[in-house]
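Numbering (the UniProt record's numbering), first residue to last: 1 to 677.
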């Protein structure tokens, strides 16, 4: 599993025996493996030896003639300490992991505590010096970005990248990075992949700061230490583990041990204590960083929660208004449906009644035909005499039928025009309703916007007054600053001549100057804040102006809509007048049609009702009995009582006066009067 460059680096048998004697009996069998791992890590770090020397000579040692400020040197020293602490923690974690793995038999699970702590320390090392990327959600700081470069640089790592992307449980970049590290450790190529990354530092500079651990030589040392993990076989299961929400907390109980005073191990105890101290410092730093990140996340979440609550309230208001509109529309639909159902029922009843009357008239005609056929045989002589009169009546009937057909055509045409006009009326009414709703909505929006304009105008007046006050304050601050500068200049001129004699006064004046400079700085800061507020207020005024322009456009649209509404009202009134005129003409034509139909019924043969079919008088609706006898009207064929059919008139089919009902009597008299006129 290891590539040994020099043969001299292979430990001799004597060295191994000495190491076995120095160590306890339990760790004797693991000593050759540990020595091999150390030698392999040293081989990998040989290529970076010259870089370490140059860094120690140039970058890490401060020269006496350097012009760096003390703040820069302190930050550099702080980053150096962090790198050293992380490297020491990595050494401890790898050492304890290899020892525990060898004692257990080299195969490890994901629940093994030293392995979990190793991944936590490695994650801290990869996060050191990461650049923060700002997105529209917030700040993003994850170590999965540089790990994705391995797929491009080393094609063997494509299997790891595809398997990480195909895991549905991982939703964050941190979880994907942890899964990538797990898979690389199981392949025993974690050190190789990180070495490929370190060989291409120009690509890593996009993700890390120049003082980061991965950009410095400590990264090469850590890669050399990781080579020793190839001895271990890891069997890690990624399914069912929540890698996104795991908190990287380091357990010091694995590394903190009680120091035992012994003759040969005092130096090792001191180094262990120093490593533990660095470890604790690094842990505190990471904990403070995580607390700050969590506080920022809480603030962002509170802001988003307030925004979502406002949007929810607006959405509930909109839903309530839409539900009210829906209820109104449902009521209108129900009314229209009831009306249509009533009209359909009325038409069905009318058709049924017409069908019944037609059947009854057909039966009566058949009976009348049989009776007339019998009477024709008996009254042939009378028919010969009355043929002339019948011919005259037939001519009158043909003329009446022609007139009836013409009138029916006129009525059909007028009914078609009426239907078309009614449809136009319904369309006009629908348009009027839409225009009325639009006008109401526009008026409501106008009222709201006028109120908003009034409030904005009040705010603008307040902002203008505050602007004036801020300008006055600015002028006062500038005057005070100029006065202070003049005082300072005067004091400097006076003190230039009295330097030798008035050193004590100079100290006092220096203190006064420092206070004045602080005041000047504070005034400058106030001025900058005032300028920022002025810019913000100017932006608000521009927004208000744009909203005013939009309001003017809406007013113009409302005027146009009102003009269109007036025009539609005029068209509606004209169409209503035309409909009224058409209704008058139709009513007149219907009256004429009814008159003609009644005359035609009088002229044509009516149905002859049977005695069994009639139980009540048709006119007075009284029930027939022994005292109230049934009487047929010889004109219409219906059955009446004696009082309702007491009239007698001469009919064309009967030469002598015959019993006739009251309605037929009046109709026949009107017909005779019209014929005579």
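Even glycine gets a Cβ: it sits at the ideal position worked out from N, Cα and C.
(1) Tell me, please, whether the segment 516–534 touches the segment 478–493 by the rule of three or more beta-carbon pairs shorter than 8 Å.
(2) Note down, in chain order, each residue of its chain lying with its Cβ closer than 8 Å to the Cβ of residue 285, except the 5 sequence neighbours on either side.
(3) Buried or exposed: residue 128, going by 16 or more other Cβ atoms within 10 Å of its Cβ?
(4) I'd like to know if the segment 86–94 and the segment 108–126 are in contact, where contact means that at least 3 CB-CB pairs between them fall below 8 Å.
(5) Check this for me: beta carbons of residue 652 and residue 386, under 9 Å apart or not?
(6) Would you kindly check if the distance between the Cβ of residue 460 and the Cβ of residue 544 is under 9 Å?
(7) Only counting the same chain, and skipping five residues up and downstream in sequence, which positions put a Cβ closer than 7 Å to that of residue 548?
(8) Where does residue 540 sit, in a helix, a strand or coil, going by DSSP?
(9) Which residue comes first and which comes last in the beta strand (DSSP E) that contains residue 168?
(10) Let me know the secondary structure DSSP gives residue 453 once reduced to three states.
(11) Decide if residue 319 is buried, meaning its Cβ has at least 16 other Cβ atoms within 10 Å, or exposed.
(12) So residue 618 packs on residue 624, CB below 8 Å; how close in whole Å?
(13) From the DSSP output, which residues share a beta bridge with residue 234?
(14) By how many angstroms is the C-alpha of residue 111 removed from the C-alpha of residue 166?
(15) When the distance is taken between beta carbons, is residue 164 closer than 9 Å to residue 196?
(16) DSSP three-state label for residue 699, please.
(17) My output table needs one value for residue 378: the three-state DSSP class, helix, strand or coil.
(18) Classify residue 59 as helix, strand or coil using the three-state DSSP reduction.
(19) Residue range of the alpha helix (DSSP H) that residue 655 falls in?
(20) In angstroms, rounded to a whole number, what distance separates the CA positions of residue 710 and residue 172?
(21) Report the three-state DSSP secondary structure of residue 624 (helix, strand or coil).
(22) Just to confirm before moving on: does the CB-CB distance between residue 108 and residue 226 stay below 9 Å?
(23) Run through DSSP, which three-state label would residue 34 get?
(24) Between which two residues does the alpha helix (DSSP H) harbouring residue 204 extend?
(25) Do you know whose CA, among 144, 518, 322 and 564, lies nearest residue 433's CA?
(26) Between which two residues does the alpha helix (DSSP H) harbouring residue 184 extend?
(27) Considering residue 650, what are the terminal residues of the beta strand (DSSP E) in which it resides?
(28) Whole angstroms is fine: what's the gap from residue 97's alpha carbon to residue 103's?
(29) Identify, in the order they occur along the chain, each residue of the same chain with its Cβ nearer than 6 Å to the Cβ of residue 174, setting aside the five sequence neighbours on each side.
(30) Counting along the chain, where does the alpha helix (DSSP H) carrying residue 113 start and finish?
(31) Would you kindly work out how many angstroms separate the C-alpha atoms of residue 189 and residue 313, rounded to a whole number?
(32) Check the C-beta distance from residue 533 over to residue 470 and give it rounded, since I have them as a contact under 8 Å.
(33) So, with DSSP's three-state summary, where would you put residue 372?
(34) Once the 5 residues before and after residue 572 are set aside, which same chain residues still bring their CB inside 7 Å of it?
(35) Hey, how far is the Cα of residue 413 from the Cα of residue 339?
(36) Indicate whether residue 84 and residue 218 have their beta-carbon atoms separated by less than 9 Å.
Put simply:
(1) yes
(2) 82
(3) buried
(4) yes
(5) yes
(6) yes
(7) 453
(8) helix
(9) Unbroken run through residue 168: none, as it is neither H nor E.
(10) helix
(11) exposed
(12) The Cβ separation is near 11 Å, so there is no contact.
(13) 108
(14) 23 Å
(15) no
(16) Residue numbering for the chain in the displayed model covers 1 to 677; residue 699 lies beyond these limits and cannot be assessed.
(17) helix
(18) Note that residue 59 has pLDDT 38, beneath the 50 cutoff, so the model's placement of it is unreliable and no number is given.
(19) Per DSSP, residue 655 belongs to no alpha helix (DSSP H) and is neither H nor E.
(20) The first residue shown for the chain is 1 and the last is 677, placing residue 710 beyond what the model contains.
(21) coil
(22) no
(23) For residue 34, the predicted structure reports a pLDDT of 46, less than 50, and the residue's modelled location is therefore unreliable. A value from the coordinates is still provided. Residue state, collapsed to three classes: helix.
(24) 201–204
(25) 564
(26) 173–187
(27) 647–650
(28) 10 Å
(29) 142
(30) 113–127
(31) 55 Å
(32) 7 Å
(33) helix
(34) 428 and 432
(35) 26 Å
(36) yes
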